[in-house]
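Asker:
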Amino acid sequence: MKNNPSLKYLQGYPQQVLTQVDQLIANGKLESWVQTKYPKMHALKTEKALYEYTMQIKNRYLKKSSPLSKVIYDPKIHVVNHALGLHTFVSRNHGGKLKAKNEIRIASIFKDAPEPLLRMLVVHELAHIKEKDHNKAFYALCCHIEPDYHQLEFDARLFLTYKEMA
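Have a look at this one:
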C-alpha cells in the first residue's frame, strides 16, 4: 500500500499503523475519533496564559533548570520550520556579562487544540532545556513529566492530520 500524502505527520510509524489511519480517513471516521477522544479544547488563548501554564509545569518538574524568558504562540512556526514547537537558547554579551535566554514557541495551530496535546508539546519543549537532543534521556524526561507522552504525541499527529483535512 502506498503511503497517503495526508499522513505526512505520521512518517516513521510502522506501515500497519499507517494502514489503520488510512482506513479511518477512508471511512470518514478520523474526525469523530478526534472529537470523541478530545471533546474539549483548552482555554489558553493568550500568550500570558500559555506562559503561566508552562511555568506551572516547569516549576513542578524542572525547578533548577534555566529560566524561561518567553513562551508564545508563533503563527510562522508550522509553515516555516515544519515543526510544532521550538525551544531557542540565545546568549548575548551585555556589559561584559553573558546573558542567556530560553524561549519556547508553540505553533499557533495549538491555540485551538485539546489541552492534553498542548501539554505534550509544552513538555517536549521544556525537556529541551535540559536535553538538547532527541535521545533516550530526553524521552525519559518527557515521560517523567507526562507519563502518556508517546500516546499524546501520536494523537497530536492524528489531530494535525484531521485539522489539515478539514
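The UniProt record's numbering numbers the first residue of the sequence shown as 1 and each following residue consecutively. Every residue, glycine too, gets a C-beta built ideally from N, C-alpha and C.
Count the other C-beta atoms from every protein chain shown that fall within 10 angstroms of the C-beta of Asn135, then say buried if there are 16 or more, exposed otherwise.
Answerer: exposed
Asker: Figure out for me which residue from Lys76, Lys163 and His144 has the closest Cα to the Cα of Asp112.
Answerer: Lys163
Asker: Can you check whether the CB of Val123 is closer than 7 Å to the CB of Glu146?
Answerer: Contact: yes.
Asker: Does DSSP put Ile57 in a helix, a strand or coil?
Answerer: helix
Asker: Using CA coordinates, which residue listed in Phe138, Pro116, Met165 and Thr161 is at the minimum distance from Lys37?
Answerer: Pro116
Asker: Can you tell me whether DSSP reads Ser32 as helix, strand or coil?
Answerer: Of the three classes helix, strand and coil, the one that applies to Ser32 here is helix, per DSSP.
Asker: Please identify the residue among Asn27, Lys63, Arg105 and Gly28 whose C-alpha is closest to the C-alpha of Lys76.
Answerer: Arg105
Asker: Compare the beta carbon distance of Lys70 and Glu103 with 7 Å and say whether it is the shorter of the two.
Answerer: Contact annotation: Lys70 and Glu103 have beta-carbon atoms nearer than 7 Å.
Asker: Spatial neighbours of Arg157 within its chain, please: C-beta separation below 7 Å, excluding the five flanking residues on both sides.
Answerer: Tyr9 and Leu10
Asker: Could you check how far apart the C-beta atoms of residue 170 and Asp74 are, in whole angstroms? I think they sit under 8 Å.
Answerer: The first residue shown for the chain is 1 and the last is 166, placing residue 170 beyond what the model contains.
Asker: With which residues is Asp22 paired in a DSSP beta bridge?
Answerer: Bridge partners of Asp22: none, in fact.
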